[in-house]
Each structure stands twice: as C-alpha cells, then as structure tokens.
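Notes follow once the structure below has been shown.
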Amino acid sequence: MKYLSICSISFVNLISISFSCFLFSLYFLLNNMVYFIEWEVVSLNSMSIVMTFLFDWMSLLFMSFVLMIASLVIFYSKEYMESDENINRFIMLVLMFVLSMMLLIISPNLISILLGWDGLGLVSYCLVIYFQNIKSYNAGMLTALSNRIGDVALLLAIAWMLNYGSWNYIFYLEVMQNEFEMLLIGSLVMLAAMTKSAQIPFSSWLPAAMAAPTPVSALVHSSTLVTAGVYLLIRFNILLSFSWLGQLLLLLASLTMFMSGLGANFEFDLKKIIALSTLSQLGLMMSILSMGFYKLAMFHLLTHALFKALLFMCAGAIIHNMNNSQDIRLMGGLSIHMPLTSTCFNVSNLALCGMPFLAGFYSKDMILEVVMISNINMFSFFLYFFSTGLTVSYSFRLVYYSMTGDLNCGSLNMLNDESWVMLRGMMGLLIMSIIGGSMLNWLIFPIPYMICLPKLMKFLTLFVCIFGGLFGYLISMTNLYSLNKSLLNYNISVFLGSMWFMPYISTYGMIFYPLNMGQLVVKSFDQGWSEYFGGQHLYQKLVNYSQILFLMHNNSLKIYLMLFVFWILILLNFLLFM
Amino acid sequence: MFNNSSKILFITVMIIGTLITVTSNSWLGAWMGLEINLLSFIPLLSDNNNLTSTESSLKYFLTQALASTVLLFSVILLMLKNNFNNEVNESFTSMMIMSSLLLKSGAAPFHFWFPNMMEGLNWMNSLLLMTWQKIAPLMLISYLNIKELLLISVILSVIVGAIGGLNQTSLRKLMSFSSINHLGWMLSSLMISESIWLVYFLFYSFLSFILTFMFNIFKLFHLNQLFSWFINSKILKFTLFMNFLSLGGLPPFLGFLPKWLVIQQLTSCNQYFLLTAMMMSTLITLFFYLRICYSAFMLNYFENNWMMTLNMNNFNMNLYLILTFFSIFGLILISLFFFML
Amino acid sequence: MAQVPLAIASHKRQVCSLYKRALRNLEAWYDRRNVYRYRAVQLRARFDENRCKDLGEGIRLLACGQRELFETKHFQPRNFANSSGGCAYEREVIPPDWLLDYWHPLEKAQYPEYFAKREQRKKEYVTWWEKQYGKPDPKDLGHH
Chain A
1 MKYLSICSIS
11 FVNLISISFS
21 CFLFSLYFLL
31 NNMVYFIEWE
41 VVSLNSMSIV
51 MTFLFDWMSL
61 LFMSFVLMIA
71 SLVIFYSKEY
81 MESDENINRF
91 IMLVLMFVLS
101 MMLLIISPNL
111 ISILLGWDGL
121 GLVSYCLVIY
131 FQNIKSYNAG
141 MLTALSNRIG
151 DVALLLAIAW
161 MLNYGSWNYI
171 FYLEVMQNEF
181 EMLLIGSLVM
191 LAAMTKSAQI
201 PFSSWLPAAM
211 AAPTPVSALV
221 HSSTLVTAGV
231 YLLIRFNILL
241 SFSWLGQLLL
251 LLASLTMFMS
261 GLGANFEFDL
271 KKIIALSTLS
281 QLGLMMSILS
291 MGFYKLAMFH
301 LLTHALFKAL
311 LFMCAGAIIH
321 NMNNSQDIRL
331 MGGLSIHMPL
341 TSTCFNVSNL
351 ALCGMPFLAG
361 FYSKDMILEV
371 VMISNINMFS
381 FFLYFFSTGL
391 TVSYSFRLVY
401 YSMTGDLNCG
411 SLNMLNDESW
421 VMLRGMMGLL
431 IMSIIGGSML
441 NWLIFPIPYM
451 ICLPKLMKFL
461 TLFVCIFGGL
471 FGYLISMTNL
481 YSLNKSLLNY
491 NISVFLGSMW
501 FMPYISTYGM
511 IFYPLNMGQL
521 VVKSFDQGWS
531 EYFGGQHLYQ
541 KLVNYSQILF
551 LMHNNSLKIY
561 LMLFVFWILI
571 LLNFLLFM
Chain B
1001 MFNNSSKILF
1011 ITVMIIGTLI
1021 TVTSNSWLGA
1031 WMGLEINLLS
1041 FIPLLSDNNN
1051 LTSTESSLKY
1061 FLTQALASTV
1071 LLFSVILLML
1081 KNNFNNEVNE
1091 SFTSMMIMSS
1101 LLLKSGAAPF
1111 HFWFPNMMEG
1121 LNWMNSLLLM
1131 TWQKIAPLML
1141 ISYLNIKELL
1151 LISVILSVIV
1161 GAIGGLNQTS
1171 LRKLMSFSSI
1181 NHLGWMLSSL
1191 MISESIWLVY
1201 FLFYSFLSFI
1211 LTFMFNIFKL
1221 FHLNQLFSWF
1231 INSKILKFTL
1241 FMNFLSLGGL
1251 PPFLGFLPKW
1261 LVIQQLTSCN
1271 QYFLLTAMMM
1281 STLITLFFYL
1291 RICYSAFMLN
1301 YFENNWMMTL
1311 NMNNFNMNLY
1321 LILTFFSIFG
1331 LILISLFFFM
1341 L
Chain C
2001 MAQVPLAIAS
2011 HKRQVCSLYK
2021 RALRNLEAWY
2031 DRRNVYRYRA
2041 VQLRARFDEN
2051 RCKDLGEGIR
2061 LLACGQRELF
2071 ETKHFQPRNF
2081 ANSSGGCAYE
2091 REVIPPDWLL
2101 DYWHPLEKAQ
2111 YPEYFAKREQ
2121 RKKEYVTWWE
2131 KQYGKPDPKD
2141 LGHH
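Top line first, the protein sequences correspond to chains A, B and C.
Counted the way our numbering counts, the first sequence spans residues 1 to 578.
Counted the way our numbering counts, the second sequence spans residues 1001 to 1341.
Counted the way our numbering counts, the third sequence spans residues 2001 to 2144.
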C-alpha cells in the first residue's frame, strides 16, 4: 500500500508527463515548431465557439515546470498531510487545480481559456478553505471575490471580441492593435491579469490565501495561480507595449513590488513573508512585461516558480516542526536543529535574492540590467532598485530571525529533521533551483542579450543587494538597551506592515456602503412595500376573487341554464331585428 | 370498467359519435354525432351504487341537451337564411352556434356546470370528460371564424381556471379548473392553427392521463391525501408532484412544450394582450401547483396514526414510471432531437 | 451579546488584566528573549511604582495605561497557534460527543461493546446527577 497511495500514483504520473512535456518543448524549440489544434464546439450566428490548443515551446515548457512542481508538491504532501483525514480530497483538488492550469496554459482562445481560468478560481477557493475555520473562510471569500473581478473583466473582453468574429485573439492582436476596441479588450484583459496576479488594488488576497495548507501555497503561489495573470499578459504582450496600458501597468506593478517588499520587512508570519516576496516578484515580472520584454518575464516566471516552491516547502517543514506556529518571532537557531531543511531554505532564499549562479540570478540580474539600458524614468528606476534591495533585506531578516540565535519557541517543542519524504521532495526542487536558471538561460536565449553598461551601473545591482542584506541584518539585530524603532514610528510601521491598509480597503472599505444600502433595501422593499403590495396583497386579493367565484358555483344549474337561454334569446333578438 | 360488456358497447358508441361529428360535412351530421356521443356517455357516467354520479349524469344530460337544442335551432336558422349553404358567414347565427359549443365543451362564461358535475364522477369518467368529450365541440368551433366571442371566452377561461383552482382542496375540482384553464389555451391555439391545437390537446390528454391514472388507483380525491398518502414511497410522491408541475406547465417539464408553441405562434400573430392575460393567469395556476408541491415536500409531512399500506396490486409501476419519464424529460428530449435535426 | 458586560470587574482585576495584556504586547514588540525580559522588568517597575495610590488616582492611571496600550498595540500580535487569533485556530474540528447519539442503529451495531458501555455510562451519569442534585421537576421534562 505504501506505493499505491493517491500521492505516489499522482506523483509518478505527473512527473512522467512533465518529462515528456519538457522533451517536447526542447524539440519544438529546436525546430521552431508550433502545433495548433482547434475543435469547433458550436457555431452560432457565424461565430464559432472553439476549443483551441496551442502547443509551442513556451506553453510546453511552462507546463513541464508546473507539472514537475505539482508532482513534487504532491509527493511532499504525502507526509505533510499524513495525519489529515481528507487527504484524498486534498490531492484530488490539487490535481484538478493542475488540470485547470494546463487548460489555461494551452488555450490561446478567450473562451476556452475561461475554462482553465474559472477552474483556477473555483479550485483555489476550495483549496484556501480546506482548513475549515473562520480565518480560512474569510481568506477564501476574499480570494474568490477578488478573482471574480478578473473573471468578469475576461467575460467583458469576450463580449468585445465579438467584434472580430472569433475569439482566437492571437490572430487579431497585431492587426487590430490601433483600434479602440482592441484597447478596450487589452485593458479588460489587463484588469483580469492584475486580479489573478494580485497587482496593487487587488493585492490583499495573496497574503490572506496563506490560510491554505502549505503544499497548496507551494503550488498555487509559486507557479500556478498567481502566474496565470502574467502568462495571460505574456500572450497579450503586443497590446501592452504600444499603448498607455503598458505605462499604467509599469507603474502599478512596480508599486506592487515596492509595497510588498516593504511590507515583508514588517511582517512576522513566515508564510506571509514568503507570500509578500511572491507578490514582489510578480510585480517584477509584470513590470518587465509592461516594458515589452515578455521573454524575460517568462524566464523569471519559470525560475521564480522553482525557488519559490522550494521556499514554501521548507517553510512547511519548519511549520510542521514548530507545531503549526508560523510566527518567526518564535523561531531561531533552526540551522542547528534542522540542517538540511535550513540548507534548502537558504539556497532558495539566496536564489530569490539573486545570488550569482543560483536560479534567480540569471533572470533577475538580466531583468535589472535590461531595465537599466532601456528608457525609463527616475521614479520607476528607483522603485525597481529599491525593491531589489528590499528583497534582499527581508530575506536576510528572515534568515536572521529563523536560522540564527537561540531557539525562541515554546518549551514543549521537538525539532527534528527526519521527515524524509518531505526532504526528498525538497531535494528535487533544490537541484532545480540551483541549476534551473542557467539551464533555462541557455535554452530560451540562443543569442545572449547585448547589454552594455558603465561600470558603476553594472555594479549597481550588486551594491543594492549587499546594502539590502546588511540593512536586513541590522534592522533585526537588537541589543539589550535598544529601543524598538518600529514602535517609535508606530503609525508608519502599522501602515507599511499591513500592506498599505489594502486588506481593510478591499474588505471593510468595499462592503460598508453596499451592506448598509442592502439593509435599507431589504427593510423597506423586500420585507416592506413590495412584500405588502406584491406578495401578501396580491395573494389576498386572488383568494378573495376565488371566494367570490365560488359563490357563483353554488350548484344552481337552473339559473345557469336559464341565463344561457336568455343569452341565446338576446342573440336571436339581434339576429332578427338588425 | 372493461369487464362490463355494456360499458364496452357505450364506449365504442361514444367514440363513434365523436368521429361522426368530426368527419361530417354538414351541421346536421355534426349535431347527430354529438347526440350519439351524449347518449352513450350518460350510461357510462351512472353508477348504481353512487348517488352523486347519477346526479352528475343528470346535470350533464340537461346541459348538453340544452346546448344541442340551441345548436340544432341555430343550424336550422342558418340553413333557412342561407339556402342550405353550409358556409358560416352570418355573425349572430354563428355566435349562437359558438355559444352552444362553448357550453358543450365547458369553456368559461358557460362553464358553471363543469366543476360541479365533475365533483360527482369517478376518475376515469372525469378523464373522459376532460379529454375525449372536448374533441367534438372544439373541432366544430374550429369551423367557425368569428373571433370576438372566442377571444372573450379564452380570456375568461384562463382567468376562471386560474382563480377557481386557487382555493381548492378537492382534487377533482382542481383538475376541472385546470381543465378550464387549458381549454382557454386550446381555444386560443384553435384561432391560429389546428395542428397546434392537436399538439396541445395530445399533450394535455397525456399529462392528465398520468395524473388521473395515479388518482384513480390510489383513490385520491382530496389534497390532504396527497400529503400523507405516499409516506412509504417517496419516489411516488415525488414523481406525482413532478407530473403536477408538468401539467401546470413549468418550463423544464413536458407541459411547457405546447404552451411554448402557443406562445410563439400568438407572438408572431401580434396577439400580445391575449397572450399577457393567458400567461398571467397561468402564473397563478403555477403558483398554486407550486404551493401544493412545496407544502407536500417540505411542510406538511405528517403521518396518520393508522395507515393503510399502499395497495400496489393493480398498479403498474413500470408503465407509470415510463409515462412519468416522458412527462418530466419530454421537453428536453424533444429539444435535443430538434437540435440534432 | 458579547459586548454586554455580565459582571463589573474590580479595579484590581482590571489592573491585572492591563498588566498581562501589556506584557503580551511587549512580547510582540521585543522578540528576543533577553530584551523582552529587560523590558518586562521595566514594565513591572512602572506598575509597582504606582502601587498604593488612592483609588481616584488609580483609576486615572488605569485609564492612561489602557490608552497607552491601545496606542502601542502591535499590528501583528503574537498569538499561540492553536488559540484564538492564531493561525491554526480551529483547524482540526473535533466533533462533539453527542454526535454519537445520532448514529443510525445499524451503524451503532457495528460497535456493540462501545455503545453498550456508553449506554451504561449514561445511566450511571443520570443516577449520579440525581443523587447530586435531586430529581428534576416533572414540569421541565418536556421539550422546550
């Protein structure tokens, strides 16, 4: 039975599909091939609703990465969710999630992409509320409703695509890019992508969704759900780079990057720190995408998926050992007690920071250098580099809190590093997050980018990173008499530590007036006037009429027949005398 | 019913009478068929053991005889005026004919005998009265081409059928008011095309057959029996109420199909006022059907202290389920077939 | 009805509660243990300093203290994982014991020994209860 559990079977299946996808993508990349499969579902008024599959190297490669991460996550959850009663439901949900992600990746058609898109929304809701407590319900509702905005935007975009006679957008993007309708479609799609990838007005759901079990976070918030928006915009990238959409997206995405990087420095929940770092990386991808470098965004998306999944998995192992506690104030000295997990954790953290020759370095460094050589204003430039520094800062702060020092947790706590199934799952991703960046770099870019910078600018990234690391270390270090700086600047730290109040704005702020209005309407209309005049009064009247009618049915046959005879006589009268 | 040789005779003669009416090409022949039909239906109604059915048969005889008299009178009048020409073009004469035929079929301004009479019948006779006895008068009405009286009759029928059923606890009266309501729809479909009328009539007969079949076997005459009778078979209860809703014309069920056809045809003939009146009144019928179903499923779930177990001996479950299947999924099936074509 | 106070807390209890909450708040701000101990001692000293003031002064100080606590409340308070407000609160649902009474007799029949013993225990509990508190009033026995 050990190898026949649902986890092992799905692991084997997914990893084999992942390998074959990888090989196919290499083949497609080598021969520059694209497969386009179309199946007409129904044709309506000369509009055909089709299911379209597009297989090119990009979708296949993305698919292979997603499947690999999913397989390792499922393998990992065999131990992580071992004591859970509903592990079968859990794994099935994860599999459904992966399936809808696959559908999303391979469809270049706005209608058929909706299948995967809505599937992601629905299953992510089911996964977030997997632990059935109030916190999860709230988080799930926030997630689902934020994503719903994007779904509506996508549906509106579908309605506007009706103008072109087909929903295969890839045929129209380039031809129609100067039209107003296409701009509208582009902005709607951008809205959809921004909700899925949690860009600034919609950011609050991503940290809230950390109420899900950690394997879900490892899958959902590294490679699948949140990158769906980025992937959609990669497909729509032509629209972005030639209109104001790109400029708007650049601003919002870099603000997201800045906000979440700053927020992560004030956060104390282990998973939320990682979620915020995901958010900042998403902002990075979105912003480079908005400048037109979609290949770079794809590259960073893939590498980020690798090390972020690893980071989440390590966090899961740590949380497991901390008795479900996620507060980093309770951790400390983990590198002594959990050496292997800590190794993975640090490697992925360094990859996140862009430590040379780890996965993140190749993509992130290239993105930053491309930013430096392209035309960009001072503000965006500042946001890019400050956020890069912040990334290193919160990573080092995290390492400082959790890895160094003494153990700070409760007295009844046993730490060990012998959860071998989880560790094996992490090892696979560890290797990938070390070699993944260089591998992908050689694969995706046959000709290297030509980047020519002065010495100072070339080293700017490195300086920023080193400074950020130092900063992160110094703000966390305390001595006995030090005053807490964030306590001194209480207002600012609360503002920054709660994501610029975005969770409040998108929950209480959103719902306050509609809820009051709804109460008013319910009181005065639904349960008031319209109930009185519509429901009760109408019914009462009808019953009264019915009673009057029965008075007439009082079994007096003679009268009826006499009346009939009179009626006939009247008719006869008319007939004779007119 | 069928083990009695005289009943077989009368049923045959009744059928022949209707056929004579439908196929005759003169008004006298039609009148003759109606008389044959009436005289063979009367013995079918009367039951030696039951006083009410005798009363009902008497009521039926009186009304139908009066209607036949007027019909004969006006037909003769017509022939006198038009030199034995069968064409009906004189409006007052044809209004008289129409009135007599409406009285025969039990449509609204002349419907008062109908629920009272049905209250005394058993279910099989009610079924005959609701369905077969309508064929001949309706076919004759279709020969007349005056709209005014027909329109008034349609609107009054649907309204009376709807409002009459609202306060009803007797199933036979409920069915008779439902029949009046459906008669209104049938008359309106007659105004447009006979084939739609035929479709409507067939579906209506089918649906009322299923319900009457159930009522007859389980001897159900009042609403409260429905609530408590099917305690030990939820499926029967459920399907029975689905059939109820189907008869009322709730969209996913078969009963909606003929209504759909009529609605579409009336819309294309610009008969919006008529259509509005009909649909509003049908909403009322649906409302009380739904109310019954709702309370049967959810609220009034009580059990009698002493219960007879269901007598399933002469109940053909398979037949019933097949019929119910069509009544529930018929619309979907037909739409699918249409879609495939 | 949660906001309606059911009892009036004495001044002493309020001060103790304030002290405890202030300590928890300090714990959230100063996360290293030694620093926290240092601050906690300071806090204790602040409380001790105003120990034997008269009641009017005490009430004013208490209000001040509560205000200060409110103004310096940590934006991410440090909660225990499994208690209210923590991240794993109510994560594992423990079905209540009376659920077993609603099992179908067929289901119960699968564990005959357990349910026999359970019925036995119930009877024992009833006898114990009646011995302890006396027979219930027959008027209260019906369904409420």
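Don't be surprised by glycine CBs; every beta carbon is placed ideally from N, CA and C.
Could you give the residue range of the beta strand (DSSP E) that holds residue i?
{"i": "A:Val50", "result": "47-55"}
{"i": "A:Tyr35", "result": "35-44"}
Based on Cα-Cα distance, which residue from the options lies nearest to residue i?
{"i": "A:Gly389", "options": "A:His320, A:Ser260, A:Ile376, A:Pro503", "result": "A:Ser260"}
{"i": "B:Met1186", "options": "B:Asn1216, B:Met1117, B:Ala1107", "result": "B:Ala1107"}
{"i": "A:Ser325", "options": "A:Leu276, A:Asp269, A:Leu383", "result": "A:Asp269"}
{"i": "A:Tyr481", "options": "C:Ala2022, C:Tyr2030, C:Ala2009", "result": "C:Tyr2030"}
{"i": "A:Val347", "options": "A:Leu460, A:Phe396, A:Tyr384, A:Met378", "result": "A:Phe396"}
{"i": "A:Ile91", "options": "A:Ile74, A:Leu520, A:Leu575", "result": "A:Ile74"}
{"i": "A:Ile274", "options": "A:Phe574, A:Met313, A:Ser8", "result": "A:Met313"}
{"i": "A:Leu99", "options": "A:Met141, A:Leu250, A:Thr224", "result": "A:Thr224"}
{"i": "A:Gly385", "options": "A:Leu407, A:Ala351, A:Ile466", "result": "Checking the sequence, you will find Phe at residue 385 of chain A rather than Gly. Checked all of A:Leu407, A:Ala351, A:Ile466; the closest Cα to A:Phe385 is A:Ile466."}
{"i": "B:Ser1042", "options": "B:Ser1153, B:Trp1027, B:Met1014", "result": "Checking the displayed sequence, the identity of residue 1042 of chain B turns out to be Ile instead of Ser. The shortest Cα separation from B:Ile1042 among B:Ser1153, B:Trp1027, B:Met1014 belongs to B:Met1014."}
{"i": "A:Cys353", "options": "A:Thr461, A:Ser16, A:Ser197, A:Asn133", "result": "A:Thr461"}
{"i": "A:Asn375", "options": "A:Met291, A:Leu407, A:Lys458", "result": "A:Met291"}
Locate the alpha helix (DSSP H) running through residue i, then write down its first and last residues.
{"i": "C:Lys2171", "result": "Nothing in the structure corresponds to residue 2171 of chain C, since chain C is present only between 2001 and 2144."}
{"i": "B:Trp1031", "result": "1027-1045"}
{"i": "A:Asn491", "result": "490-497"}
{"i": "B:Cys1293", "result": "1272-1294"}
{"i": "A:Cys465", "result": "460-476"}
{"i": "A:Asn573", "result": "557-577"}
{"i": "B:Met1340", "result": "1317-1340"}
{"i": "A:Thr278", "result": "270-290"}
{"i": "A:Tyr137", "result": "134-161"}
{"i": "C:Gly2085", "result": "Segment: none, C:Gly2085 is in no alpha helix (DSSP H) and carries neither H nor E."}
{"i": "A:Gly116", "result": "110-128"}
{"i": "A:Glu85", "result": "A:Glu85 -> no alpha helix (DSSP H), and no H or E assigned at all."}
{"i": "A:Asn265", "result": "Segment: none, A:Asn265 is in no alpha helix (DSSP H) and carries neither H nor E."}
{"i": "B:Lys1237", "result": "1234-1248"}
{"i": "A:Ile505", "result": "Careful: A:Ile505 lies outside any alpha helix (DSSP H) and carries neither H nor E."}
Determine the chain C residues that contact residue i at a beta-carbon separation under 7 Å, and present them in chain order.
{"i": "A:Ser498", "result": "Phe2075"}
{"i": "A:Tyr494", "result": "It should be pointed out that residue 494 of chain A corresponds to Val in this sequence rather than to Tyr. Result: Phe2075."}
Which residues of chain A have a Cβ atom closer than 7 Å to the Cβ of residue i, listed in chain order?
{"i": "B:Leu1103", "result": "Phe564"}
{"i": "C:Ala2088", "result": "Asn324"}
What residues from chain A crowd round residue i, counting only those whose CB sits closer than 8 Å?
{"i": "C:Arg2024", "result": "Within 8 Å Cβ-Cβ: nothing; C:Arg2024 doesn't reach chain A, min ~12 Å."}
{"i": "B:Ile1163", "result": "Leu542, Tyr545, Ser546, Leu549"}
{"i": "B:Ser1099", "result": "Phe564, Trp567, Ile568, Leu571"}
{"i": "B:Met1096", "result": "Ile568, Leu571, Leu572, Leu575"}
{"i": "C:Arg2078", "result": "Phe268, Asp327, Arg329, Leu330"}
Of all Cβ atoms in chain E, is any one closer than 8 Å to the Cβ of residue i?
{"i": "C:Arg2121", "result": "Given the protein chain composition of this structure (A, B and C), no chain E is represented."}
Taking Cβ-Cβ distances shorter than 8 Å, what residues in chain B pair up with residue i?
{"i": "A:His304", "result": "Under the 8 Å cutoff, chain B gives no residues; its nearest Cβ is about 47 Å from A:His304."}
Using a C-beta to C-beta distance shorter than 8 Å, which residues of chain C count as neighbours of residue i?
{"i": "A:Asn408", "result": "Asp2031, Arg2032, Arg2033"}
{"i": "A:Tyr579", "result": "Nothing in the structure corresponds to residue 579 of chain A, since chain A is present only between 1 and 578."}
Complete runs of the alpha helix (DSSP H) confined to the segment 313-371 of chain A [at least 4 residues]
334-337, 339-353
Counting only Cβ-Cβ distances shorter than 7 Å, please list the residues of the segment 2029-2055 of chain C near chain A, keeping chain order.
Trp2029, Tyr2030, Asp2031, Arg2032, Arg2033, Asn2034, Val2035, Tyr2038
Taking the runs of the alpha helix (DSSP H) that are 4 residues or longer, which of them lie wholly in the segment 385-468 of chain A?
List check, alpha helix (DSSP H) in window: 420-444, 455-458.
Give the residues from the segment 116-137 of chain A that approach chain C closer than 9 Å (Cβ to any Cβ), ordered along the chain.
Those residues of the segment 116-137 of chain A that come within reach of chain C (Cβ to Cβ, closer than 9 Å) are Phe131, Gln132, Asn133, Ile134, Lys135, Ser136.
In the segment 469-485 of chain A, which residues sit with their C-beta less than 8 Å from some C-beta in chain C, listed in chain order?
Hits within the stretch, in order: Thr478, Asn479, Leu480, Tyr481, Ser482, Asn484.
Short-range partners of chain B found in the segment 534-551 of chain A, where Cβ spacing is below 8 Å
Leu542, Val543, Tyr545, Ser546, Gln547, Leu549, Phe550
At a CB distance below 7 Å, what residues from the segment 327-358 of chain A approach chain C? Give them in sequence order.
Asp327, Arg329
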